[in-house]
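*Asks:* Numbering (this note's numbering), first residue to last: 4 to 61. Positions of the beta carbon are idealized from the N, C-alpha and C atoms, including for glycine.
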């Protein structure tokens, strides 16, 4: 189960999250990036996002 998600309203599509993901499960979509299945909850994407678009779920 994914522990993080990407707020498409905040995402500027810089790709930092996708490049930093150790599981390589973050993919580019039309308006933003998307965290796919297989998230291990490491928080790397959360820490590296320059605009705070990666948010914790729940």
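#1: What residue range is occupied by the uninterrupted alpha helix (DSSP H) comprising residue 50?
#2: Suppose contacts are defined by Cβ-Cβ distances below 9 Å. Is residue 45 in contact with residue 57 by that definition?
#3: Less than 7 Å between C-beta atoms, sequence neighbours within five positions excluded: which residues of the same chain meet that for residue 24?
#4: With burial defined as no fewer than 16 other Cβ atoms inside 10 Å of the residue's Cβ, what is the status of residue 43: buried or exposed?
#5: Is the beta carbon of residue 41 less than 9 Å from the beta carbon of residue 30?
*Replies:* From the atom records:
#1: 47-51
#2: no
#3: 47 and 48
#4: exposed
#5: No, Cβ-Cβ distance for residue 41 and residue 30 is not below 9 Å.
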